[in-house]
Amino acid sequence: MSQSSIDRPHPTPPVDRDPRDRPGVPMIPEPVPAEVVSLVLPQEPEVTVLVSVDVGELTPVFSTAVPPRGLSGLMRRRAYAIPEHLARRWLLLLLADRVDVWESRVRRHPWLTGGLAALAFALMAAGGRRR
Amino acid sequence: MLAMTYLGPSRVKAVKKPEPRIEHPNDVVLRVTRAAICGSDLHLYHGFVPDTRVGCTFGHEFTGVVEELGSAVDNLRRGDRVVVPFNISCGSCFFCSRQLYGNCERTNPSATIASGVYGYSHTTGGYDGGQAELVRVPFANVGPMKIPDDMSDEAVLFLSDAFPTGYQAAEMGSIKSGDTVVVFGCGPVGLFAQKSAAVMGAGRVIAVDHLDYRLEFARRFSGCETVNFKQVGDVVTHLRKLTDGRGPDVCIDAVGMEADGLHRQSITGKLLKIQAGAATAIEWCIAAVRKAGHVSIVGVYGPPWNLVNMGTAMNKGLTLRMNQCNVRRYMPHLLDLIRTGVVDAKSIITHRVPLEEVGDAYQMFARKTDGCIKPVLVPPGAQN
Chain A
1 MSQSSIDRPH PTPPVDRDPR DRPGVPMIPE PVPAEVVSLV LPQEPEVTVL VSVDVGELTP
61 VFSTAVPPRG LSGLMRRRAY AIPEHLARRW LLLLLADRVD VWESRVRRHP WLTGGLAALA
121 FALMAAGGRR R
Chain B
1 MLAMTYLGPS RVKAVKKPEP RIEHPNDVVL RVTRAAICGS DLHLYHGFVP DTRVGCTFGH
61 EFTGVVEELG SAVDNLRRGD RVVVPFNISC GSCFFCSRQL YGNCERTNPS ATIASGVYGY
121 SHTTGGYDGG QAELVRVPFA NVGPMKIPDD MSDEAVLFLS DAFPTGYQAA EMGSIKSGDT
181 VVVFGCGPVG LFAQKSAAVM GAGRVIAVDH LDYRLEFARR FSGCETVNFK QVGDVVTHLR
241 KLTDGRGPDV CIDAVGMEAD GLHRQSITGK LLKIQAGAAT AIEWCIAAVR KAGHVSIVGV
301 YGPPWNLVNM GTAMNKGLTL RMNQCNVRRY MPHLLDLIRT GVVDAKSIIT HRVPLEEVGD
361 AYQMFARKTD GCIKPVLVPP GAQN
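Structural data, given as structure tokens:
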């Protein structure tokens, strides 16, 4: 890593003192006439793309990166059917995120995960016999 | 290609991923030349933003060279150097036609709360970000701005987010000549908000943080006064004392959901996550600003809710303004401020890190070690 830093104060002329010189004033400018609004050719979905119940339909452009999968994917699919103003939608998505992390660990280390599961099963079985 | 990849909270790594391709006639594919790590990337990194999927690539502040063009892109050519706004905007929907590019309704099928954003979870569309060798850029006729031949990529890199966001934060404060403006947060957006407040003629700019190296940097970068909130007891009372007992005219939240300072907010927002992050900076803004003052919020908070002192805001007659930045609207104006030397945006870069070491860069930025203000990732083969 390389590091650099400023070592001098920078004078700041008040060149935008007049609000009329600021690009976001007024906050909401007049829209362009409706006839200028362009139609956009819809992108073709090649993977599963979840759509929020509040959006209703696929937008003309969307991402195909990281489609939903596994148990976390099922949870996300359920969450997308819940309106966005309800907290349970977001809490379910946060939970799906955590499940996704565990699923990805299982996918990356299947032998280790299988071994641990077998060990846990063996310990439980041994514990059951002792009782 | 090599790309930063999210593996779970506090775990990211540069790994090989399939190269992006043209998926729509309005797309281009860029070869990334610089990609910054934004403070809001840390919210993803720490697992605060819902629908952040393992395998996604972060990064919404980047420059690049056009590598491949869709058939409908007519304002760019292969080899053009561009800086890209973090919002993905169609340019012509109900919101875009009003220049509210951060609210575009045609780029995010996952939620209505925001437009598509590069590398910022599926809550903002799930698009892969620019912390990679290559990135897909939808609606390339609308967002990317060509970099003038006489300017470097780093000189304009922060036109993608941090500078316009800081400027919009100051603008939403409706700053009048001579106003006192308090900016909570001395990260990159806070620094640009301080500088922009001065550009708009603020009489006093006071920066609040608790990290001395950041306060020192703010003094040098924007020439502001500084307050270390951990050294003054009650920061709200302290700010009132600094402003004739009345409070500042404008308060800006440039911190967002991972704020320090109030145990109640930190425990409920960051530890227990029963609110969408700690709303400490909003609470302090509302409490500190004078009656009928302006509070401007650009700090990022996730859905679904936060504990905010709304009754105080109502009774004080405050104006609250907030939004994701409408970046494209600000780019030409802020390019002029950089070109004329009013703002030296590049000077906030403290670290340049090879993309291969992205995990170390995130760790350093998150832990705020080594005097880190702004780390910038350099993909393999990108010129230094």
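Note that the protein sequences, when read in sequence, are chains A and B. Terminal number for the first sequence in the working numbering: 131, no gaps in between. Terminal number for the second sequence in the working numbering: 384, no gaps in between. Where is the CB? At the ideal position from N, CA and C, for every residue including glycine.
Asp179 (chain B) counts as buried, since at least 16 other C-beta atoms from the protein chains shown sit within 10 angstroms of its C-beta. Taking a C-beta distance under 7 Å as the contact criterion, Val343 (chain B) and Lys195 (chain B) qualify as a contact pair.
Between the alpha carbons of Leu334 (chain B) and Lys13 (chain B) lies a distance of about 33 Å. Taking each of B:Glu171, B:Ala292, B:Gly47, B:Ala366 in turn and checking the Cα distance to Leu271 (chain B), the smallest one comes out for B:Gly47. It is roughly 8 Å from the alpha-carbon of Gly39 (chain B) to the alpha-carbon of Pro188 (chain B). Residues of chain A whose Cβ lies closer than 8 Å to the Cβ of Trp305 (chain B) are, in chain order, Ala87. By the neighbour-count definition (other C-beta atoms within 10 Å, threshold 16), Phe229 (chain B) is a buried residue. Restricting attention to B:Val295, B:Cys186, B:Ile348, B:Gly381, the CA atom closest to the CA of Pro375 (chain B) is found in B:Ile348. Per DSSP, Ser104 (chain A) is one residue of the alpha helix (DSSP H) stretching across 87–108. With a minimum length of 4 residues, the unbroken runs of alpha helix (DSSP H) contained wholly in the segment 244–285 of chain B fall at 263–266. Contacts with chain B (Cβ-Cβ distance below 7 Å) from the segment 83–112 of chain A involve Glu84, Ala87, Trp90, Leu93, Leu94, Asp97, Asp100, Val101, Ser104, listed in chain order. Neighbours of Leu58 (chain A) in chain B, taken as residues whose beta carbon is under 8 Å from its own, are Pro109 in chain order. Under the three-state reduction of DSSP output, Ala35 (chain B) falls in the strand class. The beta carbon of Val66 (chain B) lies closer than 7 Å to those of Val28, Leu30, Leu76, Arg77, Arg78, Gly79, Asp80, Val82 in the same chain, with the five residues before and after it left out. Residues of the same chain with their beta carbon placed closer than 6 Å to that of Gly73 (chain A) are lacking, with the five preceding and five following residues left out of the count. Residue-level contact check: Phe62 (chain A) touches chain B, since one or more beta carbons of chain B fall below 7 Å from its beta carbon. For Glu171 (chain B), the closest Cβ of chain A is nearer than 7 Å. By the rule that beta-carbons nearer than 7 Å mark a contact, Val47 (chain A) does not touch chain B. Of the other Cβ atoms in all chains shown, fewer than 16 fall within 10 Å of the Cβ of Leu119 (chain A); this residue is therefore exposed. Residue nearest to Gly299 (chain B) within the set B:Thr33, B:Phe221, B:Ile22, B:Leu191 is B:Leu191 (criterion: CA-CA distance). Within chain B, the residues placing a beta-carbon under 8 Å from that of Leu50 (chain A) are Pro109, Ser110, His122, ordered along the chain. Counted as a single uninterrupted DSSP element, the stretch harbouring Phe58 (chain B) is not any beta strand (DSSP E), since DSSP gives it neither H nor E.
Contact between Arg214 (chain B) and Pro60 (chain A) does not hold, since the beta-carbon distance rounds to 42 Å and is not under 8 Å.
Residues of chain A with a Cβ closer than 8 Å to the Cβ of Ala198 (chain B) are, in chain order, Thr12, Pro14.
What Arg17 (chain A) touches in chain B, judged by beta-carbon distance under 7 Å, is Ser177, Met200, Gly201, going in chain order.
Per DSSP, reduced to three states, the secondary structure at Met331 (chain B) is helical. Annotation: Phe62 (chain B) to Leu157 (chain B) spans about 6 Å, alpha carbon to alpha carbon.
Under the criterion of beta carbons closer than 8 Å, Val327 (chain B) and Pro85 (chain B) qualify as touching, at roughly 3 Å.
The continuous stretches of alpha helix (DSSP H) do not include Lys13 (chain B), which lies in the beta strand (DSSP E) extending over residues 11–16. Residue burial is scored here from C-beta neighbours: Ser110 (chain B) has at least 16 other C-beta atoms within 10 angstroms and is therefore classed as buried. Boundaries of the beta strand (DSSP E) harbouring Arg136 (chain B): 134–137, taken from the DSSP string.
Listed along chain A are Asp97, each with a C-beta nearer than 7 Å to that of Gly47 (chain B). Pairwise C-beta distances place the segment 197–206 of chain B out of contact with the segment 272–290 of chain B, as fewer than three of them are shorter than 8 Å. Taking a beta-carbon distance threshold of 7 Å, Gly127 (chain A) does not count as an interface residue toward chain B. Judged by beta-carbon spacing, Leu50 (chain A) lies within the 7 Å limit of Tyr80 (chain A), meaning their Cβ atoms are closer than that value. At the C-beta level, Gly119 (chain B) and Gly166 (chain B) stay beyond 7 Å of one another.
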